[in-house]
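Quick note: the sequence shown uses numbering that gives the first Met the number 0, first residue 0, plus one each step. First up is the structure itself, then whatever we jot down about it.
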Amino acid sequence: MVHLVLYQPEIPQNVGNIARTAAALGWPLHLIRPLGFLLSSSKLRRAGLDYWPYVDLRVHEDWAAFLASLPPSARVWAFSARAETSLYQARFQEGDYLLFGPETRGLPEVVLAQFPSLQIAMPGPVRSLNLAVAVGVAAYEAYRQLRIREGAPPERPGS
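This is the structure in structure tokens:
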């Protein structure tokens, strides 16, 4: 299992879509307050469809509370468009945390300074990917790596 972590997310539809990804993988989703929406938001609920019962949602009151919740051996990977190391250079492990910043500003420098940072290649002219897309790309790369290390057979539709 890998943990998906959203630092002060702002857009409920993105979080709803990320919750669906977390449910699909069976991984916890951590939200670090303040949030840019209410957890009761209809936009959040609609984007997550009927998958909410399958989401292991963990809400932290602030950054300090999230840090206090981490086990001593936790490995946190911070994602940033400004990072120099590619997502594909990381070697993910069970129990890792994938940390993403808010949609309009990304992770603050004080947070980025605490953990190794990774970027997702964007050879085109855009500044950044949509948060839900970035989480999906990173999550499924981590999933792919873990399955290979476990010696799992390739995925088949419906398996």
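Beta carbons: idealized from backbone N, C-alpha and C, even for Gly.
- Non-local C-beta neighbours of Gly105 in its own chain, meaning closer than 6 Å and more than five positions away in sequence, comprise Ser79, ordered along the chain.
- According to DSSP, Ile31 shares a beta bridge with Tyr6 and His59.
- With fewer than 16 other Cβ atoms inside 10 Å of its own Cβ, Glu83 counts as exposed.
- Only residues of its own chain outside the window of five on either side were considered, and among them Ala77, Ser79 and Ala82 have a CB closer than 6 Å to the CB of Ser116, listed in chain order.
- When Cβ pairs closer than 8 Å are counted between the two stretches, the segment 1-20 is seen to touch the segment 31-44, the count reaching three or more.
- When the Cα atoms are used, Leu86 and Tyr50 turn out to be separated by approximately 28 Å.
- Collapsing the DSSP output to three states places Trp76 in a strand.
- Leu24: not part of any beta strand (DSSP E); member of the alpha helix (DSSP H) spanning Pro11 to Leu24, first to last residue.
- In terms of CA proximity to Glu102, Val132 leads the group Ala89, Gly25, Val132 and Ser39.
- Residues of the same chain with a CB within less than 8 Å of the CB of Glu60, apart from the 5 flanking positions on each side, are Arg32 in chain order.
- At the C-beta level, Val58 and Ala22 stay beyond 8 Å of one another.
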